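2 protein chains.
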Amino acid sequence: MEMDERKITILKAIIKNYMDTGEPVGSRTISKYVDNKWSSATIRNEMSDLEEMGYIVQPHTSAGRIPSDKGYRFYVDQIELEKDNEAAEVQELMIQRIDRLESVLKKLAKLLAHDTNYAALISGPRYQENKLKFIQLSRVDTDKMLIVTVLEGNLIKNAIVQVVNMPDEEELLNMNILLNSNLNGLTIEEINLDVISRMKQQAGSHADVVDLVLEQVAEVIRADSEDLQIYTSGATNIFKYPELSDNQKASELLQTLEHTELLKDLVDTDGGSENGTGIQVYIGEESPVRAMRDCSVVTANYELGEGIRGTIGIIGPKRMDYEKVLKTLRTLMTQLETAFKKEER
Amino acid sequence: MEMDERKITILKAIIKNYMDTGEPVGSRTISKYVDNKWSSATIRNEMSDLEEMGYIVQPHTSAGRIPSDKGYRFYVDQIELEKDNEAAEVQELMIQRIDRLESVLKKLAKLLAHDTNYAALISGPRYQENKLKFIQLSRVDTDKMLIVTVLEGNLIKNAIVQVVNMPDEEELLNMNILLNSNLNGLTIEEINLDVISRMKQQAGSHADVVDLVLEQVAEVIRADSEDLQIYTSGATNIFKYPELSDNQKASELLQTLEHTELLKDLVDTDGGSENGTGIQVYIGEESPVRAMRDCSVVTANYELGEGIRGTIGIIGPKRMDYEKVLKTLRTLMTQLETAFKKEER
DNA sequence: ATTAGCACTCGATGGTGATGAGTGCTAACA
DNA sequence: TGTTAGCACTCATCACCATCGAGTGCTAAT
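Okay, here's the thing in structure tokens:
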């Protein structure tokens, strides 16, 4: 048996109805939905076929049908084919200053969750090749030194450390020149013993400061690649969908969203340029995160040049409005990348 | 009627039992609890009295009793009187480097939530008098400048801004000296037109840079005093307590915990040195946050010198283990303040 | 190929009675 | 006078059952 035009229409009608109501949808509903073009009996026959083919299921005899994972998958693939002709009407973002990308991302997640009524997830950028761009030492107290480290991609980190033998202003200036001339443009792997010993030699009596700085640099780069930042927002939106909000499921899902380390699998997907846009749709069991087997997850990877990559995701019920979500994410990607490139230029 | 020794014992027994089970507790249970020192009938009479006095309530006839807000209040006040003789066994904290207070606070909240099985809340420090301590300009690109601002209390903020007319190295050095000599030690209120025009005059051809810096400084200080940082952790712990986890309540509570602006009232309590330690216990309706009328909230204010203040809080069911929570918070305060003072010294 | 009609299924709803934990009250007791 | 045994009473919970109706599958007519 194969999908003819009518089956597709009916399947779509079922999915659309189920999206709205969240209730199993019966043959008469569909019959009315298509303006009685076909009678409920005809629909019933078709639905029987569709069920046999695995696109829809019956929660129990004498209930209507709901889409199966396979059904959603079909639907989503259809949308992907049709793509968008009309421009999506996502509200203009207030991405003005990217200087604090982190805070922009947080706001973005909040906005996204609010707009869609689903939960949003956003991973801070992974700086793939952490090249040092700039290091600055400053004295901020008699015995305290501020180390500012700027990485390629304008990721800034600071630390205040204690120094026993504080260099004076001029020495500090020299140290800065020394550090920058030796380290700039290097990745952490390229900072080897050779470089280190050379610097220490040049630093003379302040070799200990070199140690402090290197320790700090290592810390910065490690911290950033190890604990991947993931922000979530609108987690409690799941209470808007009865099929997700029974205690068992809600609890599990919310816990997963709270312990962001469990979400790694969602944002780990490298590249993912499968279908050009880097957008992926996980339906039910397809999701790499166990707690989301009753949800659908849509993720999109953004790339802001310089190997700075992250992921934005939407988590909602399987009956989420895929069309809207896909559109929103697509335009968001564009806006984000444009805004950043503009800034970068 | 007044509280005699026996009534107190029974009230405590009721509360203790209810804490464990979360079920209404009956007279026989209590009778067994006190090794049949009194019969269930006697207990019943006393319970009847306690109910009349408002310390306990019956959810319905023929159910046991549960403590009322007033009952909990009595219990908590008792604990406060007894205080702790034994040292609390909170696990030693890994507060090593305070240079990134924010991340320490987040970890602390997580730890606290995990240890207590309640939800934890922690507000980032409010820097009361934002004095500028240090400003540093650096060139990081042909047309981009890094502005690092350090406030009293070692709060560090950075920004990268575009500059049309980039000063050369020497001019930059002069600008740094200029800015620091003019601005250091000033609060934002003290930066008036007089100071600004003087600086601009001294800056000569780079007066525009002064504007950029001032804008940035204003931004930094404003951002920090306006959007008070509040982190929560372990919000989903509330699912461990049946009386909080019916959908209605859980949803409301979790939403409140997610929208941290709603928690302002909990951390706003200035000073709060009422009982020496700055610890406050809100039971049920006492709470300033509406969504928490079925919970108890314990907050403690920390102060890390220099007017740097924040709040740590625990949110749990009314039947929370007040003794443990109070102890934990007390030792935590001590540890935090000690650790910070040590670092500061 | 489509549709009207009908018997059938089964979850949801609501009512009923049994169960038992727990109470209040009374009377007996120390 | 304070304590306790005993008993009638209350009421949430649970299992059981009948009813209802949305929705199906199947058959026969169009």
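Heads up: the protein sequence lines correspond to chains R and Z, in order. Whatever position you read off the first sequence (first residue = 1), add 924 for my numbering. Whatever position you read off the second sequence (first residue = 1), add 924 for my numbering. We treat Cβ as the ideally placed atom computed from N, Cα and C, and that holds for glycine. These numbers come from a predicted model, not from an experiment.
DSSP three-state label for residue i, please.
{"i": "Z:Ala937", "result": "helix"}
{"i": "Z:Met925", "result": "coil"}
{"i": "R:Pro991", "result": "strand"}
{"i": "R:Pro1241", "result": "strand"}
{"i": "Z:Asn1104", "result": "helix"}
{"i": "R:Ser1047", "result": "strand"}
{"i": "Z:Gln1153", "result": "coil"}
{"i": "Z:Tyr1165", "result": "coil"}
{"i": "R:Arg1021", "result": "Low local confidence applies: a pLDDT of 45 at R:Arg1021 is under 50, so the model's placement there is unreliable, with the coordinate-based value given in what follows. R:Arg1021: coil per DSSP, three-state reduction."}
{"i": "Z:Gly1234", "result": "strand"}
{"i": "Z:Val1213", "result": "coil"}
In or out: residue i buried (at least 16 other Cβ within 10 Å) or exposed?
{"i": "R:His1130", "result": "buried"}
{"i": "R:Lys1055", "result": "buried"}
{"i": "R:Met1018", "result": "Low per-residue confidence applies at R:Met1018: pLDDT is 45, beneath 50, and the placement is therefore not dependable, though the value from the model is reported in the following sentence. Exposed."}
{"i": "Z:Gly988", "result": "buried"}
{"i": "R:Ser1047", "result": "buried"}
{"i": "R:Gln1086", "result": "exposed"}
{"i": "R:Gln1060", "result": "buried"}
{"i": "R:Thr1252", "result": "buried"}
{"i": "R:Val1088", "result": "exposed"}
{"i": "R:Met927", "result": "exposed"}
{"i": "R:Leu1168", "result": "buried"}
{"i": "Z:Arg1243", "result": "buried"}
{"i": "R:Arg1122", "result": "exposed"}
{"i": "Z:Met925", "result": "exposed"}
{"i": "Z:Gly1077", "result": "buried"}
{"i": "R:Lys1081", "result": "buried"}
{"i": "R:Thr1277", "result": "Nothing can be reported for residue 1277 of chain R, as the shown portion of chain R is limited to 925 through 1269."}
{"i": "Z:Pro983", "result": "exposed"}
{"i": "Z:Leu1250", "result": "buried"}
{"i": "Z:Glu1006", "result": "exposed"}
{"i": "Z:Thr1040", "result": "buried"}
Over what stretch of residues does the beta strand (DSSP E) that includes residue i continue unbroken?
{"i": "R:Val958", "result": "Run containing R:Val958: none; DSSP gives neither H nor E here."}
{"i": "R:Val1119", "result": "Careful: R:Val1119 lies outside any beta strand (DSSP E), inside the alpha helix (DSSP H) at Leu1117 to Ala1127."}
{"i": "Z:Met977", "result": "Counting along the chain, Z:Met977 falls outside any beta strand (DSSP E), though it belongs to the alpha helix (DSSP H) covering Ser964 to Met977."}
{"i": "R:Lys1081", "result": "Leu1079 to Gln1086"}
{"i": "R:Lys1068", "result": "Lys1068 to Leu1075"}
{"i": "Z:Val1221", "result": "Cys1219 to Glu1227"}
{"i": "Z:Val949", "result": "Unbroken run through Z:Val949: none, as it is neither H nor E."}
{"i": "R:Ile1112", "result": "Per DSSP, R:Ile1112 belongs to no beta strand (DSSP E) and is neither H nor E."}
I'd like to check one pair, residue j with residue i: are the Cβ atoms closer than 8 Å?
{"i": "R:Tyr942", "j": "R:Ile990", "result": "yes"}
{"i": "Z:Tyr957", "j": "Z:Tyr1246", "result": "no"}
{"i": "R:Ile1037", "j": "R:Ser964", "result": "Before going further, note that residue 1037 of chain R is Ala rather than Ile in the sequence given. The answer is no: Cβ separation not under 8 Å."}
{"i": "R:Ile1154", "j": "R:Val1191", "result": "yes"}
{"i": "Z:Val1213", "j": "Z:Gly1237", "result": "no"}
{"i": "R:Phe1058", "j": "Z:Val1064", "result": "yes"}
{"i": "R:Leu1045", "j": "R:Leu1187", "result": "yes"}
{"i": "Z:Ile954", "j": "Z:Ile932", "result": "no"}
{"i": "R:Cys1219", "j": "R:Ile1239", "result": "yes"}
{"i": "Z:Ser992", "j": "Z:Arg968", "result": "no"}
{"i": "R:Ala1142", "j": "R:Leu1102", "result": "no"}
{"i": "R:Gly1208", "j": "R:Pro1049", "result": "no"}
{"i": "R:Met971", "j": "R:Ile1003", "result": "no"}
{"i": "Z:Gln1140", "j": "Z:Ile1084", "result": "no"}
{"i": "R:Asn1165", "j": "R:Gly946", "result": "A quick correction: the sequence has Tyr, not Asn, at residue 1165 of chain R. Going by C-beta atoms, R:Tyr1165 is nearer than 8 Å to R:Gly946."}
{"i": "R:Ile1120", "j": "R:Leu1138", "result": "yes"}
Would you give the residue range spanned by the alpha helix (DSSP H) that residue i belongs to?
{"i": "R:Glu1176", "result": "Asn1171 to Glu1182"}
{"i": "R:Ser1062", "result": "No alpha helix (DSSP H) holds R:Ser1062; the beta strand (DSSP E) holding it covers Leu1056 to Arg1063."}
{"i": "Z:Ser986", "result": "From DSSP, Z:Ser986 is part of no alpha helix (DSSP H); its letter is neither H nor E."}
{"i": "Z:Ala1033", "result": "Leu1025 to Thr1040"}
{"i": "R:Val1191", "result": "Lys1188 to Asp1192"}
Can you find a heavy atom of the ligand MN that lies under 7 Å from the Cβ of residue i?
{"i": "R:Pro1166", "result": "Within the structure as shown, the ligand MN is missing, as the structure has no ligands at all."}
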